[in-house]
Amino acid sequence: MIGISLVVVLCAYRLGSHLSPSRTECYITSDMFYVEVHLDKAGKLVDVKVAHHGENPVSCPELIQHLRDKNFDEFSEHLKGLVNLYKLPGDNKLKTKMYLALQSLELDLTKMMHMFRIATNANTVETILHGSVGLLTARSGGHLVSLQCYVSPNDIFEEGTGAQLNYTDVNSVSMSVTVEGTTSVYKLPIAPLITGSHPVDKKGTPSFSSVTNSNCVDLPACFFLKMNRLMPFSLSYIKKMGGTTGIPVFETTPTLFPLYDLIIKSQLHEEGEASLPALTKSMLFYASLPGQQHCYFLNGDAPVQDGRSLQGAYVSKIPFRHPAQVPALLDIIRHQAAYNTLIGSCVKKTYVKEDTSGLLQFEVCPLTDSSFSVSFQHPVNESLVCVVMEVIDSRQVACKLYKGLSDALICTDDFITKVVQRCMSIPVTMRAIRRKAETIQADTPALSLIAETVAIMVKKNLPPTGSPGYMGMGTGPDGSNPMGLPGLNSGSNNVSETSFLILKKYEYIINVQLFYILHFYCHIFLLLDKCMSFL
């Protein structure tokens, strides 16, 4: 029964097939490989083996399982992969050399992963995020070697429970390793290049033998990292990858698009959106978080250089010719993936009515190919504040909060940095910032009053105490109360020692230039003694 079904599967791939005289072996053949399907006398599956040109047959557990499950679609995909592996220019002899080159590369990459894990004692997630070649899955049947090199925290831990998820090619940045024909000729290794088993550093970096005519040959082909899905890259990162390998990523100049448009389309595609909804025309996206509703405007058209917006292109595959180039390529890919993850975290299919009570507005604006700003209203004042995030690499994101001199303290730069590096999500980080601001307010209720007082004084442009014509502390020339503040017409000109101590305690949050102005309004702190006594 299995032998009859296989004949149907083979038709689309023009592969030869025949049964042995005993009818217990079925052979699927081509010029460069063949597959053996072994059955017992009752027709039950026993084994499935794959043999490449000049090699002995090797049992393939994946193919065995697919046939036992009668999953002929997956079995067909393996056959398709084997056929595509040999879609190379030249005769069988040249194709064999290209296969040997791929085989030697696979051996070197496998050894590089093992050397990294031994040297660093890295677990699976650390290997994906920091490994020299990521997490390698060996070639099996028609499935090529796969390298997983980036996964976001949202794809590692389940929301709410924090339980670790199964990270697969679907929710991670991964690529397959293959060899393909090219119009140019490149010198490719046909033997493993790693010498010895001892790394040259604590990161597990191997030592490579020199490229010579004895271990390399000139071929009209090169190696490729083929992305598991189209990935947006900024133009500068595309150039970096080409500079790393000496081979342009694109044979012809690619058509460029605004990078944020590409990231949005990619993110919506991952969320199962077949086509861009009308909502994206305005670049408005909504996020519904516990206790908060956010609206994000992605201002991807903002000029960053030469009056142009940040430009990029989709990349499907990256050429290279030496295993030592893979770690540098993965670092660039991870860097771009981290940037894309942060921007993409704002892109959700969630919809919230614009007139929703308490809806918080944010604007995300690119600054460079590795940094952007998030602007929003100060949680305490009615001023605008801004967080600048610099994606240093896939492991580090530096954050800086910019606010007005008179604005109340929200949180520290270190706090924002820790949050964003842990979650790699702009909405989650913005929620944490606001909650932190609320906590600071609750702990120091006088801060908002101090901020309001400073803002009023700056607006009024009050003179310093020693200036001519200043007739009294907190009063006008006629003794009136020009600011309308309570307690300044009480007739008391004595400032308690307590108020000075309180003023000193909060000096760190007040700009030095404004400190001396506040000094003359110490009377107001007498009224705040009671609410600050618990500090």
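Sequence positions in the sequence shown follow mature numbering (1 follows the signal peptide of the UniProt record, and there is no 0) and run -18 to -1, 1 to 517. A virtual CB, placed ideally from N, CA and C, is assigned to each residue, including glycine.
{"Item": "Assumed close pair serine 357, leucine 366 - CB separation to whole angstroms, cut-off 8 Å", "Value": "6 Å"}
{"Item": "At least 3 beta-carbon pairs within less than 8 Å: the region 285 to 295 vs the region 211 to 224", "Value": "yes"}
{"Item": "DSSP bridge partner residues for methionine 371 (one or two, in chain order)", "Value": "Phe354 and Cys381"}
{"Item": "Contact check, lysine 222 vs isoleucine 314, beta carbons under 8 Å", "Value": "yes"}
{"Item": "Cβ-based burial, lysine 285 [other Cβ within 10 Å; buried from 16]", "Value": "Position check: residue 285 holds proline in this sequence, whereas lysine was assumed. So proline 285 ends up on the exposed side."}
{"Item": "Nonlocal neighbours in the same chain, by C-beta distance under 6 Å from alanine 310, ignoring five residues either side", "Value": "Thr226"}
{"Item": "Counterpart residues of serine 41 in DSSP-defined beta bridges", "Value": "Lys31"}
{"Item": "Anticipated Cβ contact below 8 Å, valine 115 with leucine 87, distance rounded", "Value": "Valine 115 to leucine 87, Cβ: 11 Å. No contact."}
{"Item": "Alanine 269 vs lysine 330 beta-carbon contact at 8 Å", "Value": "yes"}
{"Item": "Integer Cβ distance of asparagine 281 from cysteine 347, believed to fall under 8 Å", "Value": "4 Å"}
{"Item": "Coarse secondary structure for glutamate 18, derived from DSSP in three states", "Value": "strand"}
{"Item": "Reference leucine 271; option with closest CA among Gly340, Ala203 and Phe279", "Value": "Gly340"}
{"Item": "Span of the alpha helix (DSSP H) around alanine 319", "Value": "308 to 326"}
{"Item": "Backbone CA spacing between serine -2 and leucine 49 [nearest angstrom]", "Value": "16 Å"}
{"Item": "Same chain only: Cβ atoms within 8 Å of glutamate 336, ignoring 5 sequence neighbours per side", "Value": "Cys277"}
{"Item": "Burial state of serine 196, where buried means 16 or more other Cβ atoms lie within 10 Å", "Value": "exposed"}
{"Item": "Own chain, CB closer than 7 Å to lysine 28, minus 5 neighbours either side, in chain order", "Value": "Position check: residue 28 holds valine in this sequence, whereas lysine was assumed. Taken in chain order, the residues that qualify are His20, Leu21 and Asp22."}
{"Item": "Terminal residues of the beta strand (DSSP E) in which asparagine 210 lies", "Value": "198 to 216"}
{"Item": "Cross-strand partners of histidine 60 (DSSP beta bridge)", "Value": "Answer is none; histidine 60 lacks a bridge partner."}
{"Item": "For glycine 163, the residue or residues it bridges with in DSSP", "Value": "Ala203"}
{"Item": "Rounded straight-line distance, which links the Cα of methionine 209 to that of residue 526", "Value": "The question about residue 526 has no answer, for the chain in this structure spans -18 to 517."}
{"Item": "Opening and closing residue of the beta strand (DSSP E) in which isoleucine 10 lies", "Value": "7 to 11"}
{"Item": "Rounded straight-line distance, which links the Cα of glycine 386 to that of aspartate 243", "Value": "32 Å"}
{"Item": "Backbone secondary structure at methionine 265 - three-state DSSP", "Value": "coil"}
{"Item": "Contact between the region 96 to 113 and the region 60 to 80 (3+ Cβ pairs under 8 Å)", "Value": "no"}
{"Item": "Proximity of phenylalanine 205 and valine 167 at Cβ, strictly below 8 Å", "Value": "no"}
{"Item": "Range of the contiguous beta strand (DSSP E) that encloses lysine 299", "Value": "293 to 302"}
{"Item": "Beta-carbon proximity check, proline 135 vs cysteine 405, cutoff 8 Å", "Value": "yes"}
{"Item": "Buried versus exposed, by CB contacts within 10 Å (16 or more), threonine 394", "Value": "exposed"}
{"Item": "Coil, strand or helix - serine 248 by DSSP", "Value": "helix"}
{"Item": "Buried versus exposed call for leucine -4 [16 or more other C-beta atoms within 10 Å across all chains shown]", "Value": "buried"}
{"Item": "Of the residues Glu59, His60 and Leu82, the one placed nearest leucine 70, counting alpha carbons only", "Value": "Leu82"}
{"Item": "Straight-line Cα distance separating methionine 412 from glutamine 275", "Value": "11 Å"}
{"Item": "Proline 348 - DSSP class collapsed to helix/strand/coil", "Value": "strand"}
{"Item": "Nearest neighbour of aspartate 13, chosen from Ser189, Val65 and Leu(-9) [CA to CA]", "Value": "Val65"}
{"Item": "Helix, strand or coil at leucine 76 [DSSP, three-state]", "Value": "helix"}
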